[in-house]
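Here the structure is laid out as structure tokens; the discussion comes afterwards.
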Amino acid sequence: MTTSSSTTAPVTTSATSSRFPMTLVIGLIAVALLLAAPFAVYPVFLMKVMCFALFACAFNLMLGYTGLLSFGHAMFFGGSAYICAHAIKVLGFSPELGILAGVLFAAVLGFFAGLLAIRRQGIYFAMVTLALAQMFFFFCLQAKFTGGEDGLQAVPRRALLGFIDITKDIHLYYFVLAIFLFGFLVIYRTIHSPFGQVLKAIRENEPRAISLGYRANQYKLLAFVLSAALAGLAGSTKVLVFQLASLTDVAWQMSGEVILMTLVGGMGTILGPVVGAAVIVTMQNYLAGLGEWVLVIQGVIFVLAVSLFRRGIVGEFVAVAKYYHARKTRTAGRARK
Amino acid sequence: MIELLGIPPQALFGQLLLGLINGAFYAMLSLGLAVIFGLLNVINFTHGAQYMMGAFGAWMLLNYAGIPFWGALVISPILVAIVGMVIERILLRRLYHLDHLYGMLLTFGLGLIIEGLFRRQYGSSGLPYNNPLPGGTNLGFMFLPNYRAFVVVASLIVCFATWFVIERTKLGSYLRAATERPDLVQAFGIDVPRMITLTYGFGVGLAALAGVLAAPAYQVSPTMGSSLIIVVFAVVVIGGMGSIMGAIVTGFGLGIVEGLTKVFYPEASSTVIFVIMALVLMVKPAGLFGTAK
């Protein structure tokens, strides 16, 4: 008795204490790779992946961790892009203030859209967000400041904070990387905070969470605003990369694309949306010459993902790892007996 | 002629009629969505694409097989319904035990595939379809094109026939019972899986029929469905999916409201339905005819 407890105790503590440095080590390696990446891969492509990865992570906060499928996240992504582009190009804002304006706008828009959308659940939530985003699309189509079909082109890349030159792609890359890591850490912290746990509780069983005294609607609204603001951060950053804000960013296809990225990568996993964004953006790059086939291929991926691998790439990977881990501990336990 | 608020009555009644036609399509599409959702628990995102397929079916039947509009009115919806039933058997059936969201995502993907294929084949611009009922009647206060009158009357008949079948016949009572408790209905010896397939086929056929009716009124284009379906979703949110009559009334009503907006404040005509949706959500979140669930 005493021997077994004394031998298992250190094992568990070492397991838990060694696990945190493990994620830290993996994280540091990933950051190191990202720092070196622009010397091996075209920086603009990497920046595009990071923008969409952040967008998908923000979206996943709603779908994966709160269980609400928003079919209108393009309005935050594209809306913030328009505000940021307008602020920089027409009002002469510096890039960081432009991004801040875009994020604030997305958060405010998210607050009002969220107030309406959280009144319904499940399938209705998806339809309401889709309809609201379509309303916003028509608004952007008609409003003067968005430039209609042309969009806002040639948004200047002014010096960051007044002295950092970002006209070169490689300089901008590190700024975009910093933004991406910041957004990713915010999401990571949110998911692992008590707030994130309550969101998961609401996802699993909303009436129960309410009966435990959590005001589910307030939590959902806050999560929605946070998700919208981070989607806005991604949209504004994209403006700096491509120097362009257009109707494509607010159209319903964009909302569909971010769903596809999250689904392919694995909804409800931290890294899933990043992997999904990388896969989809790469695919779009290679298939750009195929025209309408891109739409067909995206649809096929949707159908395959929903029918065959609902957990997504990262989700399946985690499931396989868990299976082997469980089998290993089971055989280890049997061996001890 | 009297002018109403500075709007000539010709324009007013003309837009009202257009609104009524749009409303007829909203009603038929939201009716199909409601019937499908009732039994399958799937929001059929492919509905817009199936509406477009109906219109293209009519166009192809005319141009490749020489079958005129009146034949297409019957054949095209049946063909599209068969395609829909195959999709239900092969793909949708596997998802019933899962969260509703997966059905929505699957049908969204199917919609992309169909729209993409048609766009590749026929381009994004519209193809013309000749009006099978040219001419019109002068009613004194306005000129009524025959075909537009036909669309409104035909869709009203289809909508009320659907309502009658579901609410007043034995077949409809089976359907309503299966919507409530599919397991019990199955225990009574009714083949529920087959009923589900046929119901999906019916809903899809309704969408395709709306598409055939739309072909001469608008142009036949691969993108005609995707923009419409989002408006129809808003209509469904406004009306709630609980009642058949609710779907019909909301569809026609919103079409008329949209038509009137085109007359009095054209800038808002594309967004008015979404604004109404937002207002309804604030006042009565379950929808005008919906029950809180």
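Top line first, the protein sequences correspond to chains E and C. Count the first sequence with the working numbering and you get residues 1 to 337, in order. Count the second sequence with the working numbering and you get residues 338 to 630, in order. No residue lacks a Cβ here, since even glycine has one placed at the ideal position from N, Cα and C.
In this structure, does DSSP put residue i in helix, strand or coil?
i: Ile610/C; result: helix
i: Asn217/E; result: helix
i: Phe480/C; result: strand
i: Leu152/E; result: strand
i: Val557/C; result: strand
i: Ala106/E; result: helix
i: Ala341/E; result: For chain E, the structure presents residues 1 to 337; residue 341/E sits outside this window and is missing.
i: Ala418/C; result: helix
i: Ala245/E; result: strand
i: Ile191/E; result: helix
i: Gly356/C; result: helix
i: Leu464/C; result: strand
i: Ile164/E; result: strand
i: Ile404/C; result: coil
i: Gly98/E; result: helix
i: Ile270/E; result: coil
i: Ile26/E; result: helix
Whole angstroms are fine: how far does the CA of residue j sit from the CA of residue i?
i: Gln387/C; j: Ile581/C; result: 20 Å
i: Asn475/C; j: Leu481/C; result: 6 Å
i: Ala545/C; j: His192/E; result: 48 Å
i: Phe175/E; j: Met50/E; result: 11 Å
i: Val225/E; j: Ala231/E; result: 10 Å
i: Tyr188/E; j: Phe111/E; result: 22 Å
i: Lys322/E; j: Lys328/E; result: 10 Å
i: Gly460/C; j: Gln197/E; result: 49 Å
i: Arg330/E; j: Pro530/C; result: 41 Å
i: Val338/E; j: Leu447/C; result: Residue 338/E falls outside the range modelled here, since chain E spans only 1 to 337, and no answer is possible.
i: Ala107/E; j: Ala87/E; result: 16 Å
i: Phe374/C; j: Met127/E; result: 13 Å
i: Phe626/C; j: Gly213/E; result: 31 Å
i: Val306/E; j: Met267/E; result: 12 Å
i: Gly576/C; j: Phe45/E; result: 45 Å
i: Phe242/E; j: Gly122/E; result: 35 Å
i: Val103/E; j: Val372/C; result: 41 Å
i: Cys496/C; j: Leu543/C; result: 9 Å
i: Glu96/E; j: Phe59/E; result: 23 Å
i: Ser236/E; j: Tyr173/E; result: 14 Å
i: Thr499/C; j: Phe105/E; result: 46 Å
Of all Cβ atoms in chain C, is any one closer than 7 Å to the Cβ of residue i?
i: Glu204/E; result: no
i: Leu308/E; result: no
i: Glu257/E; result: no
i: Gln298/E; result: yes
i: Glu292/E; result: yes
i: Leu61/E; result: no
i: Leu199/E; result: no
i: Val303/E; result: yes
i: Gly72/E; result: no
Starting from residue i, trace the alpha helix (DSSP H) in both directions and tell me its first and last residue.
i: Asn475/C; result: That residue, Asn475/C, is in no alpha helix (DSSP H); its beta strand (DSSP E) goes Gly473 to Asn475.
i: Leu63/E; result: Pro43 to Thr66
i: His434/C; result: Looking at the DSSP string, His434/C is not in any alpha helix (DSSP H), and its letter there is neither H nor E.
i: Ile527/C; result: Per DSSP, Ile527/C belongs to no alpha helix (DSSP H) and is neither H nor E.
i: Gly299/E; result: Trp293 to Ser307
i: His86/E; result: Ala74 to Lys89
i: Gly146/E; result: The question names Gly, but residue 146/E in the sequence shown is Thr. First-last for Thr146/E: undefined, no H or E at that position.
i: Ser510/C; result: Lys507 to Glu517
Would you please verify whether the beta carbon of residue i is less than 7 Å from any beta carbon of chain E?
i: Tyr439/C; result: yes
i: Arg518/C; result: no
i: Val574/C; result: yes
i: Phe393/C; result: no
i: Leu376/C; result: no
i: Pro622/C; result: yes
i: Ser492/C; result: no
i: Gly446/C; result: yes
i: Thr608/C; result: yes
i: Gly453/C; result: yes
i: Ile412/C; result: no
i: Met614/C; result: yes
i: Leu429/C; result: no
Closer than 7 Å, Cβ to Cβ, to anything on chain E: give me those residues from the stretch 341-370 of chain C, in chain order.
none
Closer than 7 Å, Cβ to any Cβ of chain E: which residues of the stretch 496-516 of chain C, in chain order? none
What residues in the stretch 109-120 of chain E have a beta carbon less than 7 Å from any beta carbon of chain C? Leu116, Arg119 and Arg120
Chain C contacts from the stretch 124-140 of chain E (Cβ-Cβ distance under 8 Å) | Tyr124, Ala126, Met127, Val128, Leu130, Ala131, Leu132, Gln134, Met135, Phe138 and Phe139
(request) Could you list the residues in the stretch 561-590 of chain C with a C-beta less than 7 Å from some C-beta on chain E, going in chain order? (result) Ile567, Phe570, Ala571, Val573 and Val574
Exercise. Taking a cut of 8 Å between CB atoms, which residues from the stretch 263-296 of chain E lie near chain C?
Worked result: Leu263, Gly291, Glu292, Trp293, Val294, Leu295 and Val296
**Prompt:** At a Cβ cut of 8 Å, what residues of the stretch 39-61 of chain E count as close to chain C, listed as they run along the chain?
**Reply:** none
*Residues of the stretch 211-239 of chain E with a CB closer than 9 Å to any CB of chain C: list them in chain order, please.*
none
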